[in-house]
Amino acid sequence: MPRVSPPSSPPRNRLLPRGSGSPAITSAANPAIVFVRSLGQRNRRAAEGAFIVEGVRAVRDALATGAIPRLVLLRHGDDDALAAFSAPALPTRHVEPRLFDRLSDVRTPQGVLAVFPMPRLLPDASAAAPFVLVLDRLRDPGNLGTLLRAAAGAGVHAVYCSPGSVDPWNPKVVRAGMGAHFRLPLLPLDPEAMDELRARLPRRVIARAEAARAYDEIDWTGPAALVIGGEAEGAGPALLAWGNEEAAIPLAAGVESLNAAVAGAVILFEAARQRRQRGAERGM
């Protein structure tokens with residue numbers, strides 16, 4: 535009787551992820567890749583109610599808030615990313631390295647990119663002295679993201695963005711925000727929101743370099759809004775009419791101005807200092 539050789543094992547796909555039953559993605563036409571690419575457009579982010587978070591720390595911080603991703607892409611062969619995001623519950627797909635790098639929005643990709651639903655956080659209606667940040671005509675993603683990060687650190691209750699500002703869910707804004715998107719209510723500034731805020735916030739302060747009053751001369755401990763406009767244009771006519779006070783940051787002679795992110799952070803943390811001090815005094 536002739537000897538029958540045992541069937542040979544199929545050759546292992548060099549792009550078969552460890553512990554995965556499906557090969558890594560190698561085609562730009564793959565639906566997952568097409569979906570992620572589409573989220574580079576503002577209208578597609580709005581339609582899907584989803585946005586991109588990239589980087590090991592950023593994705594880990596998002597998961598720590600309890601956010602559940604719709605998709606997690608890992609660069610195949612990147613051991614750090616694979617080890618950090620190998621939980622079975624995560625909807626992970628591995629991507630061929632060169633394809634992943636083309637998909638990434640950063641110069642040096644860290645090997646992980648996730649798609650999360652936009653958090654639908656609402657302002658705390660029980661806050662006795664709400665403090666909100668209003669951003670108008672801010673077109674630089676880095677500045678807007680930095681302001682969101684500062685607002686989260688300063689304990690702002692909500693941030694409102696005008697239609698003339700860069701999309702707060704833009705990947706560059708998200709990267710600069712360092713997790714603020716999962717901690718702050720981010721709301722559109724439409725006429726209805728302006729009317730509601732006008733009724734609730736008796737102090738609505740426009741940050742302007744030309745203002746006669748210094749930012750630290752204002753009492754920020756009550757219900758208030760701070761308006762930060764774009765560097766080149768400042769706040770628009772509608773916001774200038776909506777505000778009822780102005781504040782400036784005094785600068786040394788010869789210094790023209792601070793950029794919007796730095797100026798906003800300076801005022802936000804002065805407000806936070808005053809509110810913290812008022813809370814300590816009331817607790818005595």
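Convert by adding 534 to the 1-based position in the sequence shown; the result is the number in our numbering.
Here a beta-carbon is modelled for each residue, glycine too, at the ideal position from N, C-alpha and C.
Measuring straight from C-alpha to C-alpha, what distance separates residue i and residue j?
i: Val570; j: Ile586; result: 8 Å
i: Glu751; j: Leu785; result: 15 Å
i: Phe665; j: Ala746; result: 22 Å
i: Ala684; j: Pro771; result: 25 Å
i: Pro657; j: Ala584; result: 20 Å
i: Arg812; j: Ala563; result: 57 Å
i: Thr680; j: Asp729; result: 27 Å
i: Ala727; j: Pro565; result: 37 Å
i: Asp724; j: Ala743; result: 25 Å
i: Thr626; j: Ser660; result: 39 Å
i: Asp753; j: Gln808; result: 8 Å
i: Gly555; j: Leu655; result: Note on Gly555: pLDDT 47, under 50, position unreliable in the model; the coordinate value appears next. When rounded, the distance between both Cα atoms is 37 Å.
i: Val690; j: Pro757; result: 11 Å
i: Ala714; j: Met652; result: 12 Å
i: Thr642; j: Val800; result: 31 Å
i: Arg576; j: Asp639; result: 15 Å
i: Cys695; j: Ala769; result: 12 Å
i: Glu530; j: Arg604; result: What the structure shows of the chain is the stretch from 535 to 818, and residue 530 is not part of that stretch, so it cannot be assessed.
i: Arg816; j: Arg579; result: 44 Å
i: Gly611; j: Arg632; result: 11 Å
i: Leu573; j: Ala741; result: 33 Å
i: Ile602; j: Ala618; result: 16 Å
i: Val476; j: Ala710; result: This structure gives no information on residue 476, because the portion of the chain shown stretches from 535 to 818.
i: Ala733; j: Asp614; result: 51 Å
i: Glu582; j: Val693; result: 21 Å
i: Pro722; j: Gly777; result: 17 Å
i: Gly764; j: Gly798; result: 11 Å
i: Pro545; j: Ala621; result: Unreliable positioning characterises Pro545 in this predicted model, as indicated by a pLDDT of 37, which lies under 50. The coordinate reading is nonetheless provided below. Roughly 27 Å between the two C-alpha positions.
Going by the beta-carbon positions, is the gap between residue i and residue j smaller than 8 Å?
i: Leu720; j: Pro702; result: yes
i: Phe634; j: Ala596; result: no
i: Glu767; j: Arg671; result: yes
i: Arg738; j: Ser699; result: no
i: Val629; j: Leu616; result: no
i: Leu731; j: Ala775; result: no
i: Val668; j: Leu802; result: no
i: Ala781; j: Ala748; result: yes
i: Ile839; j: Leu637; result: This structure cannot speak to residue 839, because the chain is shown only from 535 to 818.
i: Val593; j: Ala648; result: yes
i: Ile762; j: Ala814; result: no
i: Val646; j: Val606; result: yes
i: Pro675; j: Asn704; result: yes
i: Leu718; j: Leu682; result: yes
i: Thr560; j: Phe716; result: no
Could you give the first and the last residue of the continuous beta strand (DSSP E) run that contains residue i?
i: Phe665; result: 665-670
i: Gly763; result: 758-763
i: Leu721; result: 720-722
i: Ala692; result: 692-695
i: Ala741; result: 737-741
Helix, strand or coil: which one does DSSP assign to residue i?
i: Val700; result: coil
i: Leu731; result: helix
i: Val789; result: coil
i: Ala558; result: coil
i: Ile752; result: coil
i: Gly770; result: coil
i: Val707; result: helix
i: Ala781; result: strand
i: Leu647; result: strand
i: Ala795; result: helix
i: Val800; result: helix
i: Gly813; result: helix
i: Glu726; result: helix
i: Asn547; result: Only weak support exists for where Asn547 lies, its pLDDT of 39 falling under 50; the coordinates are left without a value.
i: Ala806; result: helix
i: Ala714; result: helix
Using a beta-carbon distance below 8 Å, is residue i in contact with chain C?
i: Phe569; result: The structure shown contains no chain C; it holds only a single protein chain.
Could you pull the start and end residues of the alpha helix (DSSP H) that residue i belongs to?
i: Arg683; result: 675-688
Review point. What are the uninterrupted segments assigned as beta strand (DSSP E) that are 3 or more residues long and contained completely in the region 562-645, given in chain order?
Key: Complete beta strand (DSSP E) runs here, min 3: 584-588, 605-609, 626-629.
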